[in-house]
Every structure is written in C-alpha cells, then in structure tokens.
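The letter at position 264 of the sequence shown is residue 268 when you use the working numbering, and the numbering goes up by one with no holes. Shown next, in structure tokens, is the structure this report addresses.
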Amino acid sequence: MSTLKVSPGILDIAPYIPGRSTAEGGKRLIKLSSNETPLGTSPLAIEAYRRLATELHRYPDGASHDLRDALAAQHGLDAERIVCGNGSDEVISLLAAAYAGPGDEVLFTEHAFAVYKIAAQANGATPVEVPEAGLTADVDALLNRAGPNTRVCFLANPNNPTGTYIPTSEVQRLRDGLPAHTLLVLDSAYAEYLHRDDYADGAQLVDQHDNVVMTRTFSKIFGLSALRLGWMYAPTEVIDVINRIRLPFNINAPAQAAGVAALGDAAFLDSAVAFNEKWMPWLEQQLADLGLKVHPSSANFVLVEFPDQPGQSAENAYQHLLAQGIIPRRLDNYGLPRCLRFSLGLADENEEVIAAIKAFRERAD
Ligand SMILES: Cc1ncc(COP(=O)(O)O)c(C=O)c1O
Numbered sequence: 005m006s007t008l009k010v011s012p013g014i015l016d017i018a019p020y021i022p023g024r025s026t027a028e029g030g031k032r033l034i035k036l037s038s039n040e041t042p043l044g045t046s047p048l049a050i051e052a053y054r055r056l057a058t059e060l061h062r063y064p065d066g067a068s069h070d071l072r073d074a075l076a077a078q079h080g081l082d083a084e085r086i087v088c089g090n091g092s093d094e095v096i097s098l099l100a101a102a103y104a105g106p107g108d109e110v111l112f113t114e115h116a117f118a119v120y121k122i123a124a125q126a127n128g129a130t131p132v133e134v135p136e137a138g139l140t141a142d143v144d145a146l147l148n149r150a151g152p153n154t155r156v157c158f159l160a161n162p163n164n165p166t167g168t169y170i171p172t173s174e175v176q177r178l179r180d181g182l183p184a185h186t187l188l189v190l191d192s193a194y195a196e197y198l199h200r201d202d203y204a205d206g207a208q209l210v211d212q213h214d215n216v217v218m219t220r221t222f223s224k225i226f227g228l229s230a231l232r233l234g235w236m237y238a239p240t241e242v243i244d245v246i247n248r249i250r251l252p253f254n255i256n257a258p259a260q261a262a263g264v265a266a267l268g269d270a271a272f273l274d275s276a277v278a279f280n281e282k283w284m285p286w287l288e289q290q291l292a293d294l295g296l297k298v299h300p301s302s303a304n305f306v307l308v309e310f311p312d313q314p315g316q317s318a319e320n321a322y323q324h325l326l327a328q329g330i331i332p333r334r335l336d337n338y339g340l341p342r343c344l345r346f347s348l349g350l351a352d353e354n355e356e357v358i359a360a361i362k363a364f365r366e367r368a369d
C-alpha cells in the first residue's frame, strides 16, 4: 500500500457500470444496453469526421466556435451561452466540480441517471437521493428536501432509466421553489424523442433565470456516442465559471465537425424521430401482451418489470436473453432489481427480442 492520500469521498464511489457490449452464444449481438440509436449516424456526419483524418496534427478549436454557432442557430439560442463537453457526462461533472464541494448537498431523484451521484461524490459533496412518486420525479419531495446546503439539483427529463418525464409546469414549480443558491440542472439528453405540448427542453427557463442550466447530448438520437459530444446552455455567469475549469481542448476536432454536420442533416433527425414513434409503442404493446409490466416511456428505451418468481425474474430473463446474444440493461445498481431496460433496436431486432422474451415466458410458465 502506498502512502498516497486520496481525496475524501473518492473511495466511496461505486464506479459507473456501462451497458454490456459482449454476450455469449454464437448469435449476432443485439446491444440494447446503452440507449444508443440503432440507426447509426448521419452520412453527412461520417463524411465530416473522415475529412478531419488529414488534420489530426492540429489542435482543435478550443472554443468549438462552429459547433456552438450551429447549435445556437438550430435551437434559437445565444452561442455565447453554450459550452460543449466531452459528452454531457463531462458537462455534468464540471457543474458539480464548480458548484458542489465538501459540506454541500447535491439533489437528484431516487432512480436518477447514475453519473449525478458520482459527480457529487467525486467533489466531496453529499449526494441526496429524493424519493420518486410512481417512478417519476416528485417535485414536492425535492422541494421539501432542498435546504441551505443544497447547491445543485440534477433532473433528467425524461429520466434514464425510468423513461418518465415531468411537464414544463412542474419543472417551473421546481425552479421557483428551490433556494436561489441552488443550481437546477435540467438534463435533456432524450429531448429529441419527446414531442408533447406539455414538455420543453428547458432552454426557455435558462433564459429566464440565473440558476438554471440545460444539458444536451449528441450520443442518443444523433448517433455520435463514440465521439463523446455534449453541451450545455447556461446563464453567462455559469458559462464563465465552467470555461475556467474545463480542459482547454475538451472537444476533439472530428467530433466538432461531425456535430456541425449532424445538425445540418434534418432528414436524418426526422426519420429517427419517426422510427422511434413507430416502434416504441409497438415494443411496449408487445411486451405488455406477454404479461409483463411495462412502464410507459418518453424516450428510446423501455423499463420492463418481471415477476419476482423463481424462473421468471428479471435476472432469469437477462441470462436467457444474453444466451441469445440480446443484451438489455440490468438495473440492480439503480435500485430496480426486478426490471430490465431495453433500448429500441432495428425493426428485425425488436421482433427478435419479442420472440426471445416470448420463448422465455413460455418456458417459465
Ligand atoms: C440522462 C442522461 N444524461 C446524460 C447521459 C450521458 O450522455 P453522454 O454520452 O452525452 O455523456 C446519459 C447517457 O446515457 C443519460 O441517460
């Protein structure tokens, strides 16, 4: 054992468990464990990425100017109030590093995205998990728990892994009820999938208040997970703070170029939305028809509850599917041991998943 001293709290962190990407069995792999898109990446983005192959000896633009301009134009935002991150994971970590430290509390919901807790602990802050109501963020519970030490409140809307969302009116009520010294971080990683009148990504709240930040990602509907590209829209003061602590060249050049090109491919985005809107209800219905409890989703994945019975449990289903080369996400570490999460696959993959679960259920009956 060395005499090196690790900062307080670091060794309490349970490391992030990524979605599994290998399986046993000779079958082709159907990876449904990381909420990636099955549709690949815009051909324009791939082309932009390739073009950068001859420029790898140059540092990237440290301020991601073109990408921020493209994001601002696309969303009607102020480019000066956008910061890009190495995935939205980096943005989340930077926000925690800037605003939460020892003695501070970081709030999030009971089944929130796992990185919030890690980000809080990494900075010596106290993570506070607030109970949900019906697997959905409970604004009253969050407001009741917020106090003088609450520095950051993370809310994924829709949330991963539950797939639930709260309407704009509830997000506004949360914002209005939180202490002025609490930064409300609205994580809208799945916003592109949700088109409802009562839902908004949070950009407008950022414009209206000095303690609200919205985070977004290119990892989901844009299919750029491998490049690690995310961003945030924030008040000027927060932008200034984050720009002081982020690494100078945090977004590599191919990622910046691919991001700009992806934003320019409206047809790819539209067809991805249409695909999700067609297949998610199909998947949910098929799973329900197999007698499973399906939690309705507002994103590109679905949370499915299995009976807590020997031979029929989530763990049994997971092992059965894995043997077929199908990889859902186990959720023990999210406090949902009876559930599996399935990202939406291609049409034939979805059909294969349903056939495999049907066989499992018939075997278990
Ligand atoms: C709610 C939520 N926020 C953030 C992320 C991180 O995304 P990124 O790939 O941009 O780091 C994920 C990824 O699964 C997510 O589900």
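All C-beta atoms in this analysis are idealised placements derived from N, C-alpha and C, irrespective of residue type, glycine included.
Discussion item. Taking DSSP's pairing of strands, which residues face Trp235 in a bridge?
Written reply: According to DSSP, which records beta bridges pairwise, Trp235 is partnered with Cys88 and Arg220.
Worksheet item: Is there at least one non-hydrogen atom of ligand 1 closer than 8 angstroms to the beta-carbon of Ser25?
Response: Look at Ser25: its beta carbon is at least 8 angstroms from all of the heavy atoms in ligand 1.
Worksheet item: Does DSSP put Asp2 in a helix, a strand or coil?
Response: This structure leaves residue 2 out entirely; the chain is present only between 5 and 369.
Worksheet entry | Opening and closing residue of the alpha helix (DSSP H) in which His69 lies | Annotation for His69: the continuous alpha helix (DSSP H) segment containing it runs His69 to His79.
Worksheet item: Going along the chain, which residues of its own chain have a beta-carbon closer than 6 angstroms to the beta-carbon of Gly13, five neighbours each way excluded?
Response: Closer than 6 angstroms at the Cβ level, and outside the excluded window around Gly13, lie Gln125 and Gly128.
Worksheet item: With distances taken between CB atoms, is the gap from Ala257 to Leu60 smaller than 9 angstroms?
Response: Taking 9 angstroms as the Cβ cut-off, Ala257 and Leu60 qualify as a contacting pair.
Worksheet entry | Per-residue DSSP class, three states only, for Leu43 | Leu43: coil per DSSP, three-state reduction.
Worksheet entry | Arg333 beta carbon less than 9 angstroms from that of Arg342 | No, these two residues do not count as a Cβ contact at 9 angstroms.
Item to complete: Determine, using beta carbons only, whether Ile249 and Ala101 come nearer to each other than 9 angstroms.
Response: Here Ile249 is near Ala101, since their CB atoms are less than 9 angstroms apart.
Worksheet item: Counting pairs of beta carbons, one from the segment 114-124 and one from the segment 284-300, are three or more of them closer than 8 angstroms?
Response: Judged by Cβ distances under 8 angstroms, the segment 114-124 makes no contact with the segment 284-300, as fewer than three pairs qualify.
Discussion item. Tell me the residue span of the alpha helix (DSSP H) that contains Ala160.
Written reply: Segment Thr154 to Ala160 is the beta strand (DSSP E) holding Ala160; no alpha helix (DSSP H) there.
Fill in: Buried/exposed call for Arg32, threshold 16 Cβ in 10 Å
It is exposed - the Cβ of Arg32 has fewer than 16 other Cβ atoms within 10 Å.
Fill in: Ala351 versus Lys35: straight-line alpha-carbon distance, rounded
Lys35 has its alpha-carbon roughly 14 angstroms from the corresponding atom of Ala351.
Fill in: Distance cut-off 8 angstroms: Ile96 Cβ against heavy atoms of ligand 1
Result yes, Cβ under 8 angstroms from ligand 1.
Worksheet item: On the premise that Glu288 lies in contact with Ser301, defined as a C-beta separation below 8 angstroms, what is that separation, rounded to the nearest angstrom?
Response: With a Cβ gap of about 7 angstroms, Ser301 and Glu288 count as contacting.
Fill in: Residue closest to Val87, alpha-carbon to alpha-carbon, out of Val143, Val242 and Thr7
Nearest C-alpha to Val87 among Val143, Val242 and Thr7: Val242.
Item to complete: Entirely within the segment 293-328 and at least 4 residues each: give me those alpha helix (DSSP H) ranges in chain order.
Response: Counting whole runs of 4 or more residues, the segment 293-328 contains the alpha helix (DSSP H) stretches 318-327.
Practice prompt. Select from Asp205, Asp336, Leu178 and Leu99 the residue whose C-alpha is nearest the C-alpha of His79.
Written response: Of the candidates Asp205, Asp336, Leu178 and Leu99, the one whose C-alpha sits nearest the C-alpha of His79 is Asp205.
Discussion item. If distances are taken between C-alpha atoms only, which option among Asn354, Pro22 and Leu48 comes closest to Ser38?
Written reply: Nearest option by C-alpha distance: Pro22.
Worksheet item: According to the neighbour-count rule (16 or more other Cβ atoms, all chains shown, within 10 Å of its Cβ), is Glu196 buried or exposed?
Response: The residue is buried, with at least 16 neighbouring Cβ atoms inside 10 Å.
Worksheet item: For Arg232, is the beta carbon positioned less than 8 angstroms from some heavy atom of ligand 1?
Response: Yes; taking the cut-off as 8 angstroms, the Cβ of Arg232 has a heavy atom of ligand 1 nearer than that.
Discussion item. Taking only three categories from DSSP, how would you classify Phe272?
Written reply: Note: Phe272 maps to helix in three-state DSSP.
Worksheet item: If you compare alpha carbons, which of Pro311, Val175 and Ala76 is closest to Asp142?
Response: Out of Pro311, Val175 and Ala76, Val175 has the C-alpha closest to the C-alpha of Asp142.
Practice prompt. Count the C-beta pairs between the segment 182-193 and the segment 307-324 that are closer than 8 angstroms, then say yes if the count reaches three, no if not.
Written response: Touching, no.
Worksheet item: Going by DSSP, what residues sit across from Arg334 in a beta bridge?
Response: Beta bridge pairing from DSSP links Arg334 with Leu344.
Worksheet entry | Through-space distance from Ile225 to Val277, alpha-carbon basis | Distance between the alpha carbons of Val277 and Ile225 is about 8 angstroms.
Discussion item. Please classify Asp274 as buried or exposed, where buried requires at least 16 neighbouring CB atoms within 10 angstroms.
Written reply: The residue is exposed, with fewer than 16 neighbouring Cβ atoms inside 10 Å.
Discussion item. Taking the straight line between their C-alpha atoms, what separation do you get for Ser173 and Asp202?
Written reply: Near 8 angstroms, if we compare the C-alpha coordinates of Asp202 and Ser173.
Item to complete: Check whether the Cβ atoms of Ala145 and Val134 sit closer than 9 angstroms, and answer yes or no.
Response: When the beta-carbon positions are compared, Ala145 and Val134 come within less than 9 angstroms of each other.
Item to complete: Closer than 7 angstroms by C-beta to Phe272: which residues in its own chain qualify, once you throw out the five before and the five after it? Chain order, please.
Response: Answer for Phe272: Ser46, listed in chain order.
Worksheet item: Any idea if Gln260 is buried or exposed, counting beta-carbon neighbours within 10 angstroms, 16 or more meaning buried?
Response: Flag for Gln260 reads buried.
Fill in: Assumed close pair Gly234, Asp93 - CB separation to whole angstroms, cut-off 8 angstroms
That pair is a contact at about 7 angstroms.
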